[in-house]
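Residue numbers (this note's numbering), protein chains in the order written: chain A, 301 to 727; chain B, 463 to 685; chain C, 2 to 163. Ideal placement from N, C-alpha and C gives every residue a C-beta, glycine not left out. Below is one structure, written out as structure tokens; the observations come after it.
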Amino acid sequence: MSYRPILTARIGKVDPTSLDDYVAHGGFQALKRALALGPDAIIDIVTQANVLGRGGAAFPAGIKWKAVSTEPGPKYVVANADESEPGTFKDRIIMEGDPFSLVEGVIIASYAVGAHQAYIYIRGEYPLAITRVQNAVDACYQAGMLGERILDRRYPLDIEVRRGAGAYICGEETALFESIEGKRGFPRIKPPFPTQVGLFGRPTLINNVETLINALPLVQHGPDWFRTMGPLDSPGPKLYCLSGRIRRPGLVEAPMGTTLYDLIYNYGGGVTGSGELGGVLLGGAAGTFVTADDLDVFMDFGSLREIDAALGSGVVIVFDTSVDMKAVLRRIARFFAHESCGKCYPCQLGTQRQLEIIERLAADRLRPGDLQLLSEVGQTMTDASICGLGQTAHSAIRTALKRFDFDPSTGHFARFGPPSGVQEALA
Amino acid sequence: MTTPSHNNRIWITIDGRSLQVPPDITIREAAALAGVEIPTICYHDALTPNAVCRICVVEWRGARTLVPACVARVADNAIIQTNSRRVRTARRTLLEMLASAVDLSQAPEIQAMMQEYDADPDRFGPEARRRETGGVKDDNPFYVRDYDKCILCWRCVQVCAEDVQHTFALGFNHRGFDTEIATFFNLGMKETTCVFCGNCVGVCPTGALKGKRLYELELRGDS
Amino acid sequence: MKDATHTLTPQQLAAVETVLARYQGKGRSALLPCLHEVQAITGWLDPEICAAIGQSLRVPLVQIHEVIEFYTLFYNRPVGRRIIRVCDDVPCYLAGSEAIIRACATRLRVDEGGGTTEDGAWTLEIHPCLGRCEQAPFLMIDDEGYGHVTPEQIADLLGGKP
Chain A
301 MSYRPILTAR IGKVDPTSLD DYVAHGGFQA LKRALALGPD AIIDIVTQAN
351 VLGRGGAAFP AGIKWKAVST EPGPKYVVAN ADESEPGTFK DRIIMEGDPF
401 SLVEGVIIAS YAVGAHQAYI YIRGEYPLAI TRVQNAVDAC YQAGMLGERI
451 LDRRYPLDIE VRRGAGAYIC GEETALFESI EGKRGFPRIK PPFPTQVGLF
501 GRPTLINNVE TLINALPLVQ HGPDWFRTMG PLDSPGPKLY CLSGRIRRPG
551 LVEAPMGTTL YDLIYNYGGG VTGSGELGGV LLGGAAGTFV TADDLDVFMD
601 FGSLREIDAA LGSGVVIVFD TSVDMKAVLR RIARFFAHES CGKCYPCQLG
651 TQRQLEIIER LAADRLRPGD LQLLSEVGQT MTDASICGLG QTAHSAIRTA
701 LKRFDFDPST GHFARFGPPS GVQEALA
Chain B
463 MTTPSHNNRI WITIDGRSLQ VPPDITIREA AALAGVEIPT ICYHDALTPN
513 AVCRICVVEW RGARTLVPAC VARVADNAII QTNSRRVRTA RRTLLEMLAS
563 AVDLSQAPEI QAMMQEYDAD PDRFGPEARR RETGGVKDDN PFYVRDYDKC
613 ILCWRCVQVC AEDVQHTFAL GFNHRGFDTE IATFFNLGMK ETTCVFCGNC
663 VGVCPTGALK GKRLYELELR GDS
Chain C
2 MKDATHTLTP QQLAAVETVL ARYQGKGRSA LLPCLHEVQA ITGWLDPEIC
52 AAIGQSLRVP LVQIHEVIEF YTLFYNRPVG RRIIRVCDDV PCYLAGSEAI
102 IRACATRLRV DEGGGTTEDG AWTLEIHPCL GRCEQAPFLM IDDEGYGHVT
152 PEQIADLLGG KP
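As structure tokens, then:
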């Protein structure tokens with residue numbers, strides 16, 4: 301644990317409302333370096349560093365940057381700050397604590413791919429983050445660092461901050477475009493992909509906040525440095541969001557591939573409640589459950605995929621053995637039924653039917669055949685939905701049933717007890 | 463001189479049969495060339511396909527998920543199965559979920575599909591929530607709207623908007639399972655921009671939109 | 002329809018007009034920012050306001066309606082003058098959100114599933130994950146966040162009124 305934070309180094313030290321203080325803390329050094337390198341060299345660095353998208357989909361950022369850079373303009377850069385995955389709060393903490401770094405990341409990305417208009421789309425429930433980022437953008441305009449020039453280089457660039465309005469689906473990149481265009485957040489059919497046909501039908505680079513701020517240390521220190529952290533197939537620093545029954549919940553920056561044990565026991569201080577680990581939800585509602593047997597897993601995209609789990613956005617929600625797992629699953633099922641956009645049948649109908657079956661499970665009223673039915677509904681959502689929301693809406697429930705030894709004859713999860721009622725007393 | 467289109471033909475395999483097809487056609491179109499009919503619900507020849515019903519999904523070897531045949535385009539060496547077990551499970555489950563939520567009594571094509579795929583909507587039990595929209599909306603002299611029969615295929619919204627009429631009388635209420643076709647603040651049709659062109663009634667596949675005369679004839683027949 | 006419209010003060014009307022003048026002709030992509038700004042003045046969006054927005058932006062009315070219907074932070078029916086949003090997703094549940102919700106519902110005399118008080122002062126909403134999981138249980142009153150809340154604090158947060 302001798303790791304020194306990179307992405308979060310300024311948080312708590314810098315005045316998030318002051319451009320001058322940001323500069324005093326090393327701000328815009330990365331942009332200066334980026335302007336000296338030029339667009340092609342920046343894209344080479346991002347590609348060689350093998351930065352995988354930190355929003356959860358793990359798509360190589362270099363491929364997107366390169367693709368958009370070769371498309372004709374007008375084109376756009378969009379920062380996806382719609383962070384709405386239950387258990388995720390990393391991008392909010394960045395935007396509240398170091399908003400200028402996001403603005404700097406957006407400027408570097410726009411310059412690299414040749415965009416002259418960028419958007420930062422922030423979820424509506426983050427008023428402080430919206431204020432801070434808007435203030436940072438305004439300050440850059442006032443200092444003459446946006447608009448006609450970026451820093452001191454002639455390069456027209458405008459950044460507009462957009463406020464979401466309460467829709468988890470708008471974290472899906474094409475639904476987010478629809479939302480900026482003033483429409484319901486319906487995901488689009490892909491292909492075509494955003495790098496060719498994105499916002500307003502134009503080539504668009506869309507990256508998560510954490511992905512974009514990785515560009516700052518990356519252009520300064522280069523890909524070799526970046527790849528000294530974590531495994532080669534998904535290197536770099538990573539923000540993990542610890543919550544649930546854990547002694548020190550909060551944001552942890554650690555190298556990609558830190559073990560789950562390290563995160564829970566060293567960074568997080570261990571398990572509260574009964575004190576005994578019952579399970580962990582990785583990646584949020586759209587993620588996967590793992591058990592105490594999986595504590596040695598490396599928390600990176602590839603290692604987790606190997607054990608039928610997913611890193612997602614870096615969520616780690618901890619459950620002690622006293623938790624009522626059925627009440628947890630009911631909330632996950634309710635979340636998806638509430639957030640389905642309703643466009644495609646598998647998700648529109650499946651999230652509702654899944655919720656009904658999980659409500660029966662939670663009320664100990666499962667009917668014969670319900671688990672088979674649930675599995676078919678889940679498989680259909682996973683296989684046939686338009687977008688990632690429907691495709692992952694059954695993931696947590698599936699892995700809970702698979703890993704927590706659910707016994708249909710008793711209606712209980714063997715790994716969790718005592719059953720309902722007691723966990724409230726412990727909370 | 464060979465025509466470019468001949469030069470460009472690609473090889474694909476559909477349900478074990480290999481054939482040459484033009485590039486850039488959809489799987490649905492390619493399957494038709496192979497003599498395979500792929501079921502569709504929301505698809506309509508005259509409208510922009512939105513791939514919302516997902517009944518047309520097929521298995522494309524190597525793809526992570528099933529792909530919608532109405533919009534996905536073939537590629538060279540694609541190996542496609544249109545009726546595998548995985549495909550049939552998805553279609554059957556979709557039909558069961560749809561029929562457990564919506565009144566399909568006037569949708570004979572979907573009923574036939576349910577037979578074909580052995581779909582049993584009662585599997586979800588009597589408490590499965592249905593689409594309940596508060597009865598037939600009879601607010602103009604030309605047509606009625608019975609959204610308990612609406613499968614949200616989007617056709618009416620599309621003909622009313624950019625696909626045909628540019629009238630923009632129809633849109634949506636709510637989202638998810640609660641989604642409903644709606645007017646501005648649920649006003650009666652006469653208070654909207656509707657021009658009573660009848661296109662929406664013409665494309666409705668389930669009798670949710672119905673000409674007033676037919677509706678009245680049916681009512682008389684019932685009594 | 003009559004019941005569904007506002008009685009706005011002259012100051013509110015003037016403020017809305019100023020906003021709409023600024024959005025004149027800006028088109029559909031300005032819709033969400035415009036709705037946010039207008040709703041911040043009026044509390045919720047009635048048919049007359051929406052018609053004025055449509056005219057200003059040049060957006061068909063049904064496309065305004067369906068957008069308000071889609072996003073949970075927009076309202077096309079009356080809501081309380083203040084909105085309390087309590088998170089009940091997994092991390093907050095693990096920290097006792099059920100007791101928080103019960104305390105709010107009891108205090109406001111509304112359903113535990115959410116609702117508006119009879120005097121229109123408050124609306125309680127059970128909101129999807131608010132992204133403050135490290136401060137669970139968490140709630141927001143309008144734009145102000147409160148972390149690590151306890152049921153005992155609820156009376157104070159909701160003001161003196163029983």
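Per-residue burial, residue 657 of chain B [other beta carbons within 10 Å of its own, 16 or more giving buried]: When all chains shown are included, residue 657 of chain B counts as exposed.
Which term fits residue 128 of chain C, buried or exposed, when burial requires 16 or more other beta carbons within 10 angstroms of its beta carbon? Counting the other Cβ atoms within 10 Å of the Cβ of residue 128 of chain C gives 16 or more, which makes it buried.
Residue nearest to residue 509 of chain B in terms of C-alpha spacing, selected from B:670, B:683, B:624, B:638: With distances taken between CA atoms, residue 509 of chain B lies nearest to B:624 out of B:670, B:683, B:624, B:638.
Whose C-alpha, out of B:481, B:503, B:512, B:507, is nearest the C-alpha of residue 497 of chain B? Distance from the Cα of residue 497 of chain B is smallest, within the candidate group B:481, B:503, B:512, B:507, for B:481.
Would you mind working out which of A:671, A:685, A:631 sits nearest residue 644 of chain A, comparing C-alpha positions? Nearest of A:671, A:685, A:631 to residue 644 of chain A, Cα basis: A:685.
Between the CA atoms of residue 604 of chain B and residue 426 of chain A - distance to the nearest angstrom: Taking C-alpha positions only, residue 426 of chain A is separated from residue 604 of chain B by approximately 48 Å.
Measure the C-alpha to C-alpha separation of residue 402 of chain A and residue 355 of chain A and round it to an integer number of angstroms. Approximately 14 Å, taken between the alpha carbons.
Tell me where the alpha helix (DSSP H) around residue 645 of chain A begins and ends. 645 to 662 is the span of the alpha helix (DSSP H), which, as asked, contains residue 645 of chain A.
Could you check which residue in B:556, B:512, B:476 has the C-alpha nearest to that of residue 523 of chain B? Looking at the Cα atoms, B:476 is the closest of the given residues.
Could you tell me the distance, in whole angstroms, from the CA atom of residue 564 of chain A to the CA atom of residue 571 of chain A? Between residue 564 of chain A and residue 571 of chain A, the C-alpha separation is close to 7 Å.
Tell me which same chain residues have a C-beta within less than 8 Å of the C-beta of residue 108 of chain C, skipping the five on either side of it? Cβ neighbours of residue 108 of chain C beyond the five flanking positions: 155, 156, 159, 163.
If you draw a straight line from the C-alpha of residue 504 of chain A to the C-alpha of residue 605 of chain A, how long is it? Straight-line Cα distance between these residues: approximately 28 Å.
Closest residue to residue 503 of chain B among B:573, B:478, B:488, B:562 (Cα-Cα distance): Comparing alpha-carbon positions, the option among B:573, B:478, B:488, B:562 lying closest to residue 503 of chain B turns out to be B:573.
Own chain partners of residue 618 of chain B with C-beta closer than 7 Å, once the 5 adjacent residues on each side are dropped: 632, 643, 662, 665, 666, 671.
Beta-carbon proximity check, residue 407 of chain A vs residue 319 of chain A, cutoff 8 Å: The beta carbons of residue 407 of chain A and residue 319 of chain A sit no closer together than 8 Å.
Below 8 Å, can you find three or more Cβ-Cβ pairs linking the segment 334 to 346 of chain A to the segment 518 to 538 of chain A? Contact holds: three or more Cβ-Cβ distances are below 8 Å.
Taking the CB atoms as reference points, tell me whether residue 639 of chain A and residue 468 of chain A lie closer together than 8 Å. Result yes, Cβ atoms of residue 639 of chain A and residue 468 of chain A sit closer than 8 Å.
Quick check: residue 265 of chain A and residue 502 of chain A, are their CB atoms within less than 8 Å of each other? No answer is possible for residue 265 of chain A: the residues shown for chain A start at 301 and end at 727.
What does the alpha-carbon distance come out to for the pair residue 492 of chain B and residue 527 of chain B? Looking at the two C-alpha atoms, the distance is approximately 20 Å.
Quick check: is the beta carbon of residue 645 of chain B nearer than 8 Å to any beta carbon in chain A? No, no contact with chain A.
For residue 67 of chain C, decide whether its Cβ has a neighbour in chain A, counting only Cβ atoms nearer than 8 Å. Closer than 8 Å to some Cβ of chain A, the Cβ of residue 67 of chain C qualifies, so yes.
By how many angstroms is the C-alpha of residue 668 of chain A removed from the C-alpha of residue 701 of chain A? Each residue's alpha carbon lies about 16 Å from the other.
Within 8 Å (strictly less), CB to CB, does residue 676 of chain B reach chain A? Residue 676 of chain B does not count as touching chain A.
If you draw a straight line from the alpha carbon of residue 71 of chain C to that of residue 524 of chain A, how long is it in whole angstroms? Approximately 46 Å between the Cα atoms of the pair.
Counting Cβ pairs closer than 8 Å, one from the segment 110 to 123 of chain C and one from the segment 452 to 464 of chain A, do we hit at least three? Taking 8 Å as the limit for Cβ pairs, the verdict is that the segment 452 to 464 of chain A does not touch the segment 110 to 123 of chain C.
To the nearest angstrom, how far is it from the Cα of residue 306 of chain A to the Cα of residue 590 of chain A? So the alpha carbons of these two residues sit roughly 29 Å apart.
Verify the CB distance criterion: does residue 152 of chain C have a CB-CB separation below 8 Å to chain A? No Cβ of chain A is located within less than 8 Å of the beta carbon of residue 152 of chain C.
With a threshold of 8 Å between beta-carbons, can residue 635 of chain B be considered close to chain C, or not? So, interface residue.
Report the rounded CA-to-CA distance for residue 507 of chain A versus residue 580 of chain B, giving the unit in angstroms. Between the alpha carbons of residue 507 of chain A and residue 580 of chain B lies a distance of about 44 Å.
Which listed residue (B:500, B:649, B:601, B:488) has its alpha carbon closest to that of residue 578 of chain B: If we check each option's Cα against that of residue 578 of chain B, B:500 comes out closest.
When the Cα atoms are used, what is the spatial distance from residue 148 of chain C to residue 680 of chain B? Straight-line spacing of the CA atoms in residue 148 of chain C and residue 680 of chain B works out to 59 Å.
Listed from N- to C-terminal order along the chain, which residues in the segment 360 to 380 of chain A have their beta-carbon within a distance smaller than 7 Å of any beta-carbon of chain C? Residues of the segment 360 to 380 of chain A with a C-beta atom less than 7 Å from some C-beta of chain C do not occur.
Integer Cβ distance of residue 135 of chain C from residue 602 of chain A, believed to fall under 8 Å: About 27 Å separates the beta carbon of residue 135 of chain C from that of residue 602 of chain A, a gap too long to meet the 8 Å contact definition.
Chain A partners of residue 705 of chain B, CB-CB under 7 Å? Here chain B covers residues 463 to 685 and nothing more, so residue 705 of chain B does not appear.
State the Cα-Cα distance for the pair residue 552 of chain B and residue 77 of chain C, rounded to the nearest angstrom. Going from the Cα of residue 552 of chain B to the Cα of residue 77 of chain C covers about 37 Å.
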